[in-house]
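J.: The structure under discussion is supplied below as structure tokens; questions concerning it will follow.
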Amino acid sequence: MHDHKQDELSLQRQKKLATIRELGYECYPHKYEPTHTIPQILAEYSSRPAEELEEQRATVRVAGRVMTIRPHGKAGFAHVAGGGKRLQVYVRLDAVGERAFELYQLLDLGDVIGVEGYLFRTRTGELTIHASRLDFLAKSLLPLPEKWHGLADLEIRHRQRYLDLMVNDEARQVFERRSAVVRALRAFLDSEGYIEVETPMMQPIPGGALARPFITHHNALDLDLYLRVAPELYLKRLLVGGFDRVYEINRNFRNEGISTQHNPEFTMLEFYQCYADYLDLMDLTERLLRHVAQSVLGKLEFEFEGRALSFQQFRRMTMKEAIVEYWPAAATSRPRVEDFSDPRAVFRWVEAYNQAAQEPIALGADTPAGLALQELFETVAEDRLIQPTFVLDYPLEVSPLSKQKADDPNFVERFELYIGGMEVANAFSELNDPQEQRDRFNYQQMLREKGDLSAHAIDEDYIRALSYGMPPAGGEGVGVDRLTMLLTNSPSIRDVILFPLLRPEKTA
RNA sequence: GGGCCGGUAGCUCAAUGGUAGAGCACUGCCCUUUUAAGGCAGGGGUUCUGGGUUCGAGUCCCAGCCGGCUCACCA
């Protein structure tokens, strides 16, 4: 980079590398054959007493990155890291010979080496490999971050995730756990008779969610394509085709702001089940999340942002009930659920909220009542829904793909699951009436023409697919990144995405 | 995009407007069971960038760059 000093440290290491080559070591050998990984060594030998190790003197070979070096004249120690664990290495001149000992003395923190030797315990009892042979496997030409404090600078941790993973054990654990979350999701759905599918990431008509898409272009077809905002419409085409239970875990792309809860590309689990409705999905979701927590954490209680969360209980309340329950104490008048029976009444309550609020809700001139109700809910209740809570019955206007409630056509059979103040899942009884779907699309088209860039586009083939008859079905999306945040106690979505989007680094 | 906060050695961090420092890392020497090894001696800075105020700026002011938090956008 542009630092003079780093060039100097790097130059020193370049020189050492040349010296290592002069000793007859290959600098970047093609392979090495360890007998064990470091975690395997620890698992197999950690419990064995010193005498037993001494009797056996079994020879092993391990490889890893040098993390500490403590020379003691004609002997010395080092720690080698691999698989998230460390193993101590003891190198004596009289055991490895002059050439290997010279290599040991030339090692820098960060170098990758192979060690052959037998396991023993030092005076302090630490399991250690007594080296009989050293192999050089790769050079670290750049200096590692500080060995004790690790790497704290968030920008470097995100831009150079490999460094973060190398020196911050917690970072590694977060991503190991993320992998376990995804594995558990798959295992659960597989066991429920779902099949995993893959549908287009590049779509000619972006659908399935109300969000602004990224646009790209296919040269050979001279065709504008959109990175998908959701896989929904394709997954439901599969229900029409006869796959009764499908799921997909993959990336969605939304051209929106970046925050601690939003990354432009994020991972969504979507699943669809024929002959089920949104009530069935609530039950399924509880079982799914308990399964994930149990298999990832081994328990249903855990801490998030300093608060104890539990997957033992999932509350259920309607959007209206949530507004009433979490209505700010400071406000003068207080609504009851019945007060929202007339859809237009919501505007009075937005007004009432604004009078007591520091940050009033700003609504456009012709905001539909349903959108106003959702705004009110999000402002009043969303960040106070800490324990798992299903919020059900969403306004029709904000739900173009959901089936209406039988007893109230202004609302749809839909829920969102909130945990830790975040929307974690969104599900509904799928609208399968092609005529009604066309009406909903037309309404969205009207919004689009008024300038709402996130309104849903009309997808004629989707209507055609519904016209062949789609079984009644329930469908759901689960934010995998946010779920991982919860289960790793991470305050930001960037902590659970290996390479979150950042502005490109300035080149000097 | 708005508001607030931050950017000092490779890393973690100090430094009333008055000589830019420590620990780790690095270099040399000593040390054959240490473990934040130890001892002795050293090297290393465009204080994010560019202006301004001042006798004097890491410090104060302005602009920009990058980041964090937050609000908005997002449903």
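Count the first sequence with the numbering used here and you get residues 27 to 534, in order. Every residue, glycine too, gets a C-beta built ideally from N, C-alpha and C. This structure is a prediction, so every number in the text was calculated from the model and none was measured.
1) Could you pull the start and end residues of the alpha helix (DSSP H) that Phe-403 belongs to?
2) Rounded to a whole number of angstroms, what is the C-alpha to C-alpha distance between Leu-180 and Asp-478?
3) Which whole-angstrom value is the C-beta distance of Leu-236 and Ser-480, which I expect to be below 8 Å?
4) Reducing DSSP to helix, strand and coil, say where Ile-349 ends up.
5) Would you tell me roughly how many angstroms separate the C-alpha atoms of Ala-388 and Asp-303, rounded to the nearest one?
6) Which runs of the beta strand (DSSP E), 3 residues or longer, sit entirely within the segment 175–246?
7) Out of curiosity, what's the CA-to-CA distance linking Thr-61 and Ile-155?
8) So for Thr-514, helix, strand or coil by DSSP?
9) Who are Cys-300's beta bridge partners in DSSP?
10) Look at the alpha carbon of Leu-35 and the alpha carbon of Val-106, and state the distance between them as a whole number of angstroms.
11) Any contact between the segment 319–327 and the segment 403–418? By contact I mean 3 or more CB pairs, one from each, below 8 Å.
12) Residues in its own chain within less than 8 Å of Pro-290 by CB, not counting five upstream and five downstream?
13) Using 10 angstroms around the beta-carbon of Val-88, count the other beta-carbons present and answer buried if the total reaches 16, otherwise exposed.
14) How big is the Cα-Cα spacing for Gly-90 and Asp-134?
15) Note down the Cα distance separating Ser-493 from Pro-460, rounded to an integer number of angstroms.
16) When the Cα atoms are used, what is the spatial distance from Leu-315 to Thr-510?
17) Measure how close the beta-carbons of Leu-162 and Ile-46 come, nearest whole angstrom, since I'm counting them as under 8 Å.
18) Which residue comes first and which comes last in the beta strand (DSSP E) that contains Asp-250?
19) Near Tyr-273, what residues of its chain come up, given a Cβ to Cβ distance below 7 Å and the 5 sequence neighbours on each side ignored?
20) For the beta strand (DSSP E) containing Gln-114, list its first residue and its last residue.
21) Assuming contact is defined by CB atoms lying nearer than 8 Å, are Tyr-51 and Leu-129 in contact in what I supplied?
22) Could you compute how far the alpha carbon of Ser-321 sits from the alpha carbon of Gln-66?
23) Starting from the Cα of Cys-300, find the closest Cα among Ala-164, Gln-287, Ala-334 and Lys-262 and give me that residue.
24) Can you give me the C-alpha to C-alpha distance between Ala-451 and Val-504, rounded to a whole angstrom?
25) In angstroms, rounded to a whole number, what distance separates the CA positions of Tyr-58 and Arg-112?
26) Please look up how many angstroms separate the CB atoms of Leu-204 and Val-522, rounded, as I've assumed it's under 8 Å.
27) Enumerate in chain order the residues of its own chain whose CB-to-CB distance from Asp-306 is below 8 Å, with the five nearest sequence positions on each side excluded.
28) Suppose you measure from the CA of Asp-409 to the CA of Ala-44; what does that come to, to the nearest Å?
29) Please determine, among Asp-465, Gln-471 and Leu-427, the residue with the shortest C-alpha to C-alpha distance to Ser-536.
30) Here's the rule I'm using: 16 or more other beta-carbon atoms within 10 Å means buried, otherwise exposed. How should Gln-40 be labelled?
31) Count the other C-beta atoms from every protein chain shown that fall within 10 angstroms of the C-beta of Ser-367, then say buried if there are 16 or more, exposed otherwise.
32) Can you name the residues that DSSP bridges to Asn-278?
33) For the candidate residues Phe-292, His-98 and Val-115, whose alpha-carbon lies nearest to that of Arg-520?
34) With respect to the beta strand (DSSP E) encompassing Pro-171, which residues constitute its N-terminal and C-terminal limits?
35) Using a threshold of 8 Å, state whether the C-beta atoms of Thr-85 and Glu-152 are closer than that.
36) At 4 residues or longer, what runs of the alpha helix (DSSP H) sit wholly inside the segment 301–381?
T.: The answer reads as follows:
1) 395–406
2) 35 Å
3) 5 Å
4) helix
5) 34 Å
6) 241–244
7) 13 Å
8) helix
9) Ala-499
10) 22 Å
11) no
12) Phe-240, Phe-279, Arg-280, Asn-281, Glu-282, Ile-284 and Leu-527
13) buried
14) 13 Å
15) 6 Å
16) 11 Å
17) A quick correction: the sequence has Phe, not Leu, at residue 162. At roughly 6 Å, the Cβ-Cβ gap stays under 8 Å, so Phe-162 and Ile-46 are in contact.
18) 249–253
19) Leu-215, Tyr-220, Glu-222, Leu-295, Glu-296 and Phe-297
20) 111–118
21) yes
22) 22 Å
23) Lys-262
24) 4 Å
25) 18 Å
26) Per the sequence presented here, residue 204 reads as Arg, with Leu not at that position. Sure, about 6 Å apart at Cβ, within 8 Å.
27) Gln-299 and Gly-500
28) 58 Å
29) With the chain represented from 27 up to 534, any question about residue 536 goes unanswered, as that position is not in the structure.
30) exposed
31) exposed
32) Phe-292
33) Phe-292
34) Element bounds for Pro-171: n/a, residue is neither H nor E.
35) no
36) 304–323 and 345–351
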